[in-house]
């Protein structure tokens, strides 16, 4: 596993170093489109899972060792596949490949929405969150189309605009961006909206089956329910044909709840 | 798999129904101590992973089916083990076993800290967060001792106090509690503090090895770094011998960043 440190370091002086990862795996069309889009902005390196890791949330791999193998997947882009989760990929990229923080970390393009509550379950967004925890400006991109045959051309145009802006203005400390893109032709996309995460959830439904030995098993499915009628939410923006951009933080403290909790005597 | 719906429903009229889960697996001493502590507050049911699921974050299982088996692990407590993640356990409990929301969801007692940034990686906390997303008052408990031989007696006293208070005052909508307990004898625990999540991170370090075939592999390790000198943080409270209670939310929006992001023109 040669890390080609020299290549990356030389590039650094001239152009931003951009780490690309995802959760659908290194061979997914979404990451290929993201890699191609990012080439114009800097020197791209890819560290991505060797298999699909959707819905892995912020999982990390601590009970088994990780493999990291250099692969030839993208033209003129140093690429590694990793046996771990999207978060593991970011950690390995920073610590074992780049030996420094990249200038930007982008994750995706996810095949399917990561809007509203999906941010919590999403491996795509967890990779971007890990980038932000590392202090790297980080963005997760998702297209509202689960198909492997999705048309990523409109997404690429929108991503160009967003990345150009982020490289220009930076991101407030401790924040990353959750970008969702409607599955529309470019001419139908109305623009880009800064939004808040809609108050929504999955109402789980399990498909209960019996295996050939008569034992029960369950497939997790669910129904998405949006409780939020706000016109400042990502769900609203997407439903109206806008790209939604939600700034996300990894301070999970419900600061507003602290005074309420302090109204009681907590110790006997 | 009989769900014993009748037992649970009958109980409901008289006493709270309390769902207990964890991420260390159904046989861990921590969950046994939590189950025993909760019995005084209501009718306890357990749905927990059949194997350790630490650091699984908010992962859910969508690419393979789930097993859910009734087991005899705890005296007079209906218990199920699940092949999935802690979040899967909560979903299955609500949807396939209880067929309604329990009155309280508690997760733990985790073997090891889930303070500050650990909330993001923790399966214990993700189970509690899933409970909160379902609209259930939810609490994750962790003891600052990774050993399976840890003394949980002081934790049990502190948990009693906290649960009694939460059943009394409830929790603000959209919030759950992240409770961490210092590894001290009861006489040395100074009290309970409502805190915010400290600004801290893991600086990853990988233990790079070669397998017998000469191929590289990596064990994820790391060093915890606290950047936060605030005396209102969980790290501060724990370092001073207090139990830390952080209200946590699943709206990840960095609301404060929205005005900054709105200063630029986002569309070409």
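Protein chains in written order, with this note's numbering: chain A, 1 to 268; chain B, 1001 to 1268.
From the three backbone atoms N, C-alpha and C, an ideal C-beta is built for every residue, glycine too.
C-beta neighbour in chain A for residue 1015(B), strict 9 Å: no
Run of the beta strand (DSSP E) containing residue 244(A), from where it starts to where it stops: 242-249
Neighbour flag for residue 185(A) against chain B, beta carbons, 9 Å: no
Beta-carbon separation (whole angstroms), residue 146(A) vs residue 123(A), contact threshold 8 Å: Their Cβ separation, rounded to whole angstroms, is 14 Å, which puts residue 146(A) and residue 123(A) out of contact at 8 Å.
9 Å Cβ cutoff, residue 212(A) in contact with chain B: no
Residue range of the beta strand (DSSP E) that includes residue 1029(B): Taken as a continuous stretch (DSSP letters only), residue 1029(B) belongs to no beta strand (DSSP E), being part of the alpha helix (DSSP H) at 1029-1038.
Residue from 149(A), 193(A) and 150(A) with nearest C-alpha to residue 161(A): 193(A)
Collapsed DSSP secondary structure at residue 264(A) in the structure displayed: coil
Whether residue 1218(B) touches residue 66(A) by CB criterion (9 Å): yes
Within-9 Å CB hit, residue 240(A) to chain B: no
Secondary structure of residue 1170(B), DSSP reduced to three states: coil
9 Å Cβ cutoff met for residue 1079(B) and residue 1045(B): yes
Residue 1113(B): contacting residues in chain A (beta-carbon distance under 8 Å): Neighbours of residue 1113(B) on chain A: none; closest Cβ ~14 Å, over 8 Å.
Reduced DSSP secondary structure (H/G/I, E/B, other) of residue 196(A): strand
Proximity to residue 1198(B) [Cα-Cα], best of 1132(B), 1116(B), 1084(B) and 1043(B): 1116(B)
CB contact check: residue 1062(B) to chain A, cutoff 9 Å: yes
Where residue 253(A) falls, given that 16 or more other Cβ within 10 Å makes a residue buried: buried
Buried or exposed (CB count within 10 angstroms, at least 16 for buried), residue 1009(B): Because the pLDDT of residue 1009(B) is 36, which lies under 50, any placement of that residue in the model is unreliable, and the number read from its coordinates should be weighed accordingly. Answer is exposed; the Cβ neighbour count stays below 16.
Supposed contact pair residue 171(A) and residue 310(A) - C-beta distance, whole angstroms, cut 8 Å: The displayed coordinates of chain A run from 1 to 268. Any statement about residue 310(A) would go beyond what the structure contains.
Minimum Cβ-Cβ distance from residue 1010(B) to chain A less than 9 Å: Low confidence applies to residue 1010(B): its pLDDT is 37, below 50, so where it sits in the model is not reliable, and the reading given next is rough at best. No, residue 1010(B) lies away from the interface with chain A (no Cβ there is under 9 Å from its Cβ).
Straight-line Cα distance separating residue 1129(B) from residue 1233(B): 20 Å
Under 8 Å by beta carbon: chain B residues contacting residue 264(A): 1165, 1168 and 1169
CA-to-CA distance, residue 187(A) to residue 1140(B), given in whole angstroms: 48 Å
Beta-carbon contacts of residue 54(A) that lie in its chain and below 7 Å, excluding the five residues immediately before and after: 23, 24 and 123
Selection from 223(A), 134(A) and 152(A) that minimises the alpha carbon distance to residue 1202(B): 134(A)
Alpha-carbon to alpha-carbon, residue 1152(B) and residue 1033(B): 7 Å
Selection of the region 1137-1150 of chain B by Cβ proximity to chain A, strictly under 7 Å: none
C-beta neighbour in chain B for residue 106(A), strict 9 Å: no
Reference residue 1180(B), options 1209(B), 1221(B), 1263(B) and 1248(B), closest by Cα: 1248(B)
Rounded separation between residue 158(A) and residue 258(A) - CA only: 39 Å
Beta carbon proximity, residue 269(A) to chain B, threshold 9 Å: The first residue shown for chain A is 1 and the last is 268, placing residue 269(A) beyond what the model contains.
Residue interval of the alpha helix (DSSP H) (run including residue 123(A)): 123-133
Within-9 Å CB hit, residue 197(A) to chain B: yes
Pairwise C-alpha distance: residue 213(A) and residue 176(A): 48 Å
Straight-line gap, residue 256(A) to residue 1059(B) (C-alpha atoms, nearest Å): 27 Å
Contact check, residue 1195(B) vs residue 1245(B), beta carbons under 9 Å: yes
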